[in-house]
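These notes concern the structure reproduced below.
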Amino acid sequence: MRIVLMGPPGAGKGTQAAVVAKELNIPHISTGEIFRANVGAGTELGVEAKKYMDKGEYVPDSVTNAMVADRLAQPDTENGFLLDGYPRTLEQVGELDVILVGLGTPLDKVVEITANTEEVIARLLNRAKLEGRADDTEEVIRRRMEVYAEQTEPLTAVYREEGKLIQVDGMGSVEDVTARLLSALSA
Ligand code: AMP
């Protein structure tokens, strides 16, 4: 199964992606995690990505697309994958199509986890305390939400048109949301 998982910051996307990918026995590919690993290791890619991440902005498409093309060419994606946080722009949607046409493997489903904005801000501020992520200050959180609404939310219309979109309510316990996701994906 080839799946894309979308959702506004704080909707629980990363947590759910890890659980669902494990359950379905497919690799969990998080562009945010790959960027953070590169920032941590101080690579050239990390230095470039950090400039944008710290402000709540998206890393440029050219950088992100090349990284994903490279990752999807790895042999462990042969039986499927769960993409977490990619695509996030219309240009990335086009690039993902090109990559998947090249591999001969179209997407099966695109899942958007939906969430209530104020609840999400509270969740993110709590995560900031626990994990100390540099992009989890209130100002940056609000900017990330704006960027999601402006640049990423419009992607749902594209995938709805293709008949691939599923929307799942992200409110409630982690276990409840996982159960909703797995049942929506198996339907
Ligand atoms: P995430 O862990 O998915 O919330 O991603 C953290 C940050 O990494 C985002 O706020 C962006 O700055 C950057 N990022 C992750 N995925 C993408 C993407 N597909 N396009 C551009 N920037 C991204």
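For reference, each letter of the sequence shown is one residue, going 1 to 187 in the numbering used here. Backbone N, C-alpha and C define an ideal beta-carbon position, used for all residues, glycine too.
Are the CB atoms of residue j and residue i within a distance shorter than 9 angstroms?
| i | j | result |
| --- | --- | --- |
| I34 | L72 | no |
| E91 | D61 | yes |
| I141 | L165 | no |
| V20 | E112 | no |
| R133 | G10 | no |
| V68 | E48 | no |
| L185 | K109 | yes |
| V4 | Y159 | yes |
| P8 | M171 | no |
| R143 | D136 | no |
| V174 | T15 | yes |
| M6 | T178 | no |
Express the C-alpha separation of residue j and residue i in angstroms, rounding to a whole number.
| i | j | result |
| --- | --- | --- |
| D176 | L24 | 17 angstroms |
| N79 | A37 | 25 angstroms |
| P87 | A17 | 14 angstroms |
| A149 | E118 | 14 angstroms |
| D54 | G85 | 17 angstroms |
| D188 | K13 | Because residue 188 is not part of the residues shown, which for the chain are 1 to 187, the question remains open. |
| K22 | G163 | 25 angstroms |
Identify which residue in the options has its Cα closest to the Cα of residue i.
| i | options | result |
| --- | --- | --- |
| E44 | Q74, V63, T152, R123 | V63 |
| R2 | L182, M145, L83 | L83 |
| E138 | L181, V120, G102 | V120 |
| V93 | G46, L107, P75 | L107 |
| L181 | V101, T114, E131 | T114 |
Pop quiz: residue i and residue j are said to be a contact at Cβ under 8 angstroms. What is the actual Cβ separation, rounded to whole angstroms?
| i | j | result |
| --- | --- | --- |
| P220 | T77 | For the chain, the structure presents residues 1 to 187; residue 220 sits outside this window and is missing. |
| T89 | Q151 | 5 angstroms |
Any beta carbon of chain C sitting closer than 9 angstroms to that of residue i?
| i | result |
| --- | --- |
| K109 | Considering every chain present, this structure includes no chain C. It has just one protein chain. |
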